[in-house]
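Taking my numbering, the leading residue of the sequence shown gets 4, the next gets one more, and so forth.
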Amino acid sequence: MRQRTTLSSRAGSRSRLAPFLLVGAALLPATAQADAERLAESLEVNGQPMPVEDVLETPMEGIYQVRLENGESFYANEDGSYFLVGDLYQNAEQGLVNLTEQAKNQQRMAALDAVPASERFVYRGVDEPRATVVVFTDPTCPYCERLHESVPELNERGIAVHYLAFPRAGMDSDAARTLERAWCSDNRSEAMTRAQSRESVSGEICDNPVADQYQLGMQLGVTGTPAIILPDGQLVPGFVPPDRLVGMLGLDD
């Protein structure tokens with residue numbers, strides 16, 4: 004199977020994913036690279052250019068995965084005259100392999116690697132973590148509160164929890180303002196714990212990354228909270244009990 008590689012489709016793209024999506028572009032065969040670039044620049048529907056973020060080669064000759072700026076994706080032939088919406092599977096010896104989901108996992112990993120620890124709410128134990136999960140959270144979400152109650156146990160079992168903001172009702176919501184105040188607090192972790200316990204978080208709102216993290220979550224397929232992203236990029240929606248999460252991470256004691 005040929006290596007999947009990526010191409011940035013628009014030189015002016017502001018996506019934080021662009022530096023990672025360029026990796027390996029030079030490895031594409033010249034013809035495939037030219038076809039991908041041409042598709043990215045010329046793709047239209049009803050005479051209107053589509054907001055293409057990038058184009059990826061697939062193992063199927065002449066078929067490319069097209070990612071839009073809003074995070075949606077589909078497949079197209081080399082001239083964009085045919086579209087296919089859905090997941091692409093490989094019929095491998097070990098069974099069906101969801102190549103579309105694998106590509107999404109890689110995208111999430113690259114995007115989260117670009118978010119520094121200084122822009123996260125970090126909860127970790129005393130010892131070096133054995134694994135780290137990133138959680139998009141909303142303090143008005145009951146299951147986020149339930150997950151936060153399990154954070155001390157997760158930390159004790161070697162799992163660090165890094166929160167990113169995802170106010171479900173958008174940036175004009177009370178949740179967004181609470182997340183902004185928590186991020187601007189002198190002790191962000193304590194402020195987040197108060198917020199998750201439905202206690203008020205006071206203080207001024209400073210420059211903060213909450214809006215960027217909300218947009219990032221939507222780009223990565225987050226539709227609700229909590230949304231747990233495992234180290235391999237897999238997105239797990241909803242609350243997961245500690246024992247199950249430990250097992251998913253392969254950290255069974």
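Just so it is clear, CB atoms sit at the ideal spot from N, CA and C, and this is done for glycine as well.
query, result
"So LEU71 is in the beta strand (DSSP E); what residue range does that whole segment cover?", "66-71"
"Going by C-alpha to C-alpha distance, which of ALA120, GLU148, VAL69 sits closest to PHE86?", "VAL69"
"Touching or not, the stretch 104-115 and the stretch 217-237, by the rule of three or more beta carbon pairs under 8 Å?", "yes"
"Opposite PHE86 in the DSSP bridges: which residues?", "ALA79"
"In the DSSP output, which residue or residues are listed as bridge partners for GLY74?", "Its beta-bridge partners do not exist; DSSP assigns none."
"Is the stretch 156-168 touching the stretch 134-141, taking contact as three or more C-beta pairs under 8 Å?", "yes"
"Spatial neighbours of GLU148 within its chain, please: C-beta separation below 6 Å, excluding the five flanking residues on both sides.", "GLN199"
"Going by the beta-carbon positions, is the gap between GLU193 and VAL213 smaller than 8 Å?", "no"
"Look at the alpha carbon of SER153 and the alpha carbon of TYR126, and state the distance between them as a whole number of angstroms.", "11 Å"
"GLU40 and GLY65 look like a contact to me (Cβ under 8 Å); what is the Cβ gap, rounded to whole Å?", "Incorrect: roughly 15 Å between the Cβ atoms, too far for contact."
"Who are VAL138's beta bridge partners in DSSP?", "TYR166, ILE231"
"To the nearest angstrom, report how far apart ALA230 and PRO244 are at their CA atoms.", "13 Å"
"Distance, Cα to Cα, MET174 vs PRO155?", "29 Å"
"Buried or exposed: LEU3, going by 16 or more other Cβ atoms within 10 Å of its Cβ?", "Lying outside 4 to 256, the shown extent of the chain, residue 3 is not represented and no answer is given."
"Taking all protein chains shown into account, decide if CYS144 is buried (16 or more other Cβ within 10 angstroms of its Cβ) or exposed.", "buried"
"Rounding to the nearest angstrom, what Cα-Cα distance links SER188 and GLY206 in this structure?", "7 Å"
"If we ignore side chains and look at the alpha-carbon of each, how far apart do MET195 and GLU122 end up?", "13 Å"
"Pull the bridge partners of ALA95 from the DSSP assignment, please.", "GLY98"
"Going by the CB atoms, is the gap between LEU71 and PRO54 shorter than 8 Å?", "yes"
"Sorted by chain position, which residues of the same chain lie with C-beta nearer than 6 Å to LEU150's C-beta, five sequence neighbours on each side aside?", "PRO229, PHE242"
"Which residue marks the beginning of the alpha helix (DSSP H) containing PRO145, and which one marks its end?", "145-152"
"Report the option in ILE208, GLY50, GLU60 whose CA atom is closest to the CA atom of THR34.", "GLU60"
"Please state whether the Cβ-Cβ distance between ARG171 and GLY98 is less than 8 Å.", "no"
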